[in-house]
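The block underneath contains the structure these notes are about, expressed in structure tokens.
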Amino acid sequence: MPPSEVSNKDHFKEKERSILTGFLLGAVALAPDIVAVILANSVMLLSDLLKSGSETVATFLSWLAVRKVRQGRTFDYNYGQGKLENISSLAVAGAMILSWLIVTYSAIERFRRPTPIGSIGLALFVTSGAGILNLWMWRKNLSLARAEPSPIIESQWRLYRAKSVANICVISSLILSFAFREHSWAAYIDPAGALIISGFLLLSAYRVVTDSIYDLLDRTLDESLQLVILGELAAFFDDYVALHGIRSRRSGSNVYIEIFMEFDSEKRMSEVQELINRMRESLERKIKSSQVVIAPATGPVA
Amino acid sequence: MEFMEERHEAIVIVGLRGRMDSNTARLVEEKLLGLIDAGDSRMVVDCAGLDYISSAGLRVLLMAAKRMTQTKGKLVLAALNDDVKQVFDLTGFSSIFQIYGSREDAISAQQ
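Taken in order, these protein sequences are the chains called A and B.
Take 1274 as the starting number for the first sequence in our numbering and just add one per residue.
Take 3 as the starting number for the second sequence in our numbering and just add one per residue.
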């Protein structure tokens, strides 16, 4: 097995392990969260619980998708695996939007009927623990995403960033609500904090949805990568007779490029093939996770 | 995007004005390749009014240069602004085109 294939497999395993760790941590944290919500009578904690629940389900879906991709990498999903990653990212975004609706509704209700919060000891303990874990998962997924861009890992680090900020909001809100509990206005701190979380959630969901939707619709490559392709065509300018078309698209973390060009008809097939191989290898070296096809053509290809 | 065409003896001078991007490149492609296919074998592309060129625009110029080579003709560029020149340098296009500082220099080179 070539070294690149081995490291690719290892990377997929690492992705899968990271997402599974996130799911298990999220699932385990749900039980104390429920108790904390009941004891504290906080709309923000309730929202946080619902948010965590939906995110945990979405993380589970992401784990299933990555597992499917790793197992079927060379057989059943030669072209579709990238889309599976995008669909999982949309599931995460769906969970975020649902959470936003719940948080916003609950916060508005609490503004209309202000209620002082109850015992916050357990909630502080649980949220602080979750905050530390979320910060750790955020950093871990961010470094994975930097090593190899992928919609799933991209959505995962954004998710943990959102969760970390949400934890900080919850802790701050609980401490402030408790410290100023003698004042009537302190009852509004809890729903105000909940609205801050909801805004952050909506922003993250928007980013994930736009990235995944464009990729699902086979958006062409970014301009910077298009310029890299053109640069290669300029470098090999004397080796082909005519350029008849370029097609490019992203699918998940993969980049697909098709170049249609005409070669000197006096050249032997073996010479053309050798030239194609050189161009393909050169371009694939310059564009990460790319698969390049150079097809001989004698007329324009739309 | 404006496309202007004039002639100086046997040389066709094409003036480009505005932005050459994915929205406008198709029009330029049709016009440039149309001129070459019609038999114009000496061409100056005057880029003095060209504010911006994207990868789609570069692709059209590359196709035109190739078509011109097939017909044993010659296509040269003139008066690229600094931004456009930077894109040419970055992609290596400066090495595949003859680029002149002014339209007059480019016409002289074609004579």
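A virtual CB, placed ideally from N, CA and C, is assigned to each residue, including glycine.
Note that the coordinates shown come from a computational prediction; the quantities given were computed from them, not determined experimentally.
Practice task
Measure the alpha-carbon distance for I1448(A) versus G1402(A) and round it to whole angstroms.
Solution key: Distance between the alpha carbons of I1448(A) and G1402(A) is about 16 Å.
Problem - CB of M1552(A) within 7 Å of CB of A1478(A), strictly - result: No. Outside cutoff.
Practice task
With a threshold of 16 other CB atoms inside 10 Å of the CB of E1554(A), please say whether the residue is buried or exposed.
Solution key: E1554(A) counts as exposed, since fewer than 16 other C-beta atoms from the protein chains shown sit within 10 angstroms of its C-beta.
Practice task
From the DSSP output, read off the bridge partner residues of R1523(A).
Solution key: R1523(A) is bridged to V1528(A).
Practice task
Have a look at E1287(A) and V1301(A) and give me their C-alpha separation to the nearest angstrom.
Solution key: The alpha-carbon atoms of E1287(A) and V1301(A) are separated by roughly 21 Å.
Handout entry: Under 7 Å between C-beta atoms of N1440(A) and T1493(A)
Key = For N1440(A) and T1493(A), no; Cβs fall outside 7 Å.
Handout entry: Proximity of V16(B) and A108(B) at Cβ, strictly below 7 Å
Key = Cβ atoms of V16(B) and A108(B): not closer than 7 Å.
Practice task
List the residues of chain B whose Cβ lies closer than 9 Å to the Cβ of G1566(A), in chain order.
Solution key: Per the sequence presented here, residue 1566(A) reads as Val, with Gly not at that position. Per Cβ cutoff of 9 Å: no residues; V1566(A) is ~17 Å from chain B at best.
Exercise for the section: Give every residue of the same chain whose Cβ lies closer than 6 Å to the Cβ of A1568(A), excluding the five residues on either side of it in the sequence, and list them in chain order. Expected result: Excluding residues within five positions, the ones whose Cβ falls inside 6 Å are F1533.
Problem - Residues of its chain near I1375(A), where Cβ-Cβ distance is below 8 Å and the 5 sequence neighbours each way are ignored - result: Cβ-Cβ distances below 8 Å link I1375(A) to S1320, L1323, K1324 in the same chain, with the five nearest sequence neighbours on each side left out; the list follows chain order.
Practice task
Give every residue of the same chain whose Cβ lies closer than 8 Å to the Cβ of V1545(A), excluding the five residues on either side of it in the sequence, and list them in chain order.
Solution key: The answer, listed in chain order, is F1536, P1569.
Handout entry: Distance CB(S1485(A))-CB(S1379(A)) smaller than 7 Å
Key = No, Cβ-Cβ distance for S1485(A) and S1379(A) is not below 7 Å.
Problem - Pick from T93(B), D48(B), T73(B) that is closest to D42(B), judged by C-alpha positions - result: Closest by alpha carbon: T73(B).
Practice task
Check whether the stretch 1386 to 1397 of chain A touches the stretch 1424 to 1435 of chain A, counting contact only when three or more Cβ pairs, one atom from each stretch, lie closer than 8 Å.
Solution key: Too few Cβ pairs lie closer than 8 Å, so no.
Problem - Residues within the stretch 63 to 82 of chain B neighbouring chain A, beta-carbon criterion of under 9 Å - result: Here the close residues are L64, M65, A67, K68, R69, T71, Q72.
Handout entry: Minimum length 4: unbroken alpha helix (DSSP H) runs contained in the stretch 1412 to 1452 of chain A
Key = Correct list: 1424 to 1452.
Exercise for the section: Inspect the beta-carbon positions of V1365(A) and A1331(A) and report whether they are closer than 7 Å. Expected result: If you check the CB distance, V1365(A) and A1331(A) come in under 7 Å.
Practice task
Answer yes or no: the CB of Q72(B) versus the heavy atoms of the ligand GTP, is any distance below 6 Å?
Solution key: Within the structure as shown, the ligand GTP is missing, as the structure has no ligands at all.
Exercise for the section: Would you kindly check if the distance between the Cβ of V62(B) and the Cβ of A27(B) is under 7 Å? Expected result: Result yes, Cβ atoms of A27(B) and V62(B) sit closer than 7 Å.
Practice task
Could you tell me which residues DSSP puts in a beta bridge with E4(B)?
Solution key: Within the DSSP secondary-structure output, E4(B) pairs in a beta bridge with R19(B).
Practice task
Specify, as a first and last residue, the run of the beta strand (DSSP E) that D48(B) falls within.
Solution key: Segment 44 to 55, the beta strand (DSSP E) holding D48(B).
Exercise for the section: Could you pull the start and end residues of the beta strand (DSSP E) that S1563(A) belongs to? Expected result: Where S1563(A) is concerned, the enclosing beta strand (DSSP E) starts and stops at 1563 to 1569.
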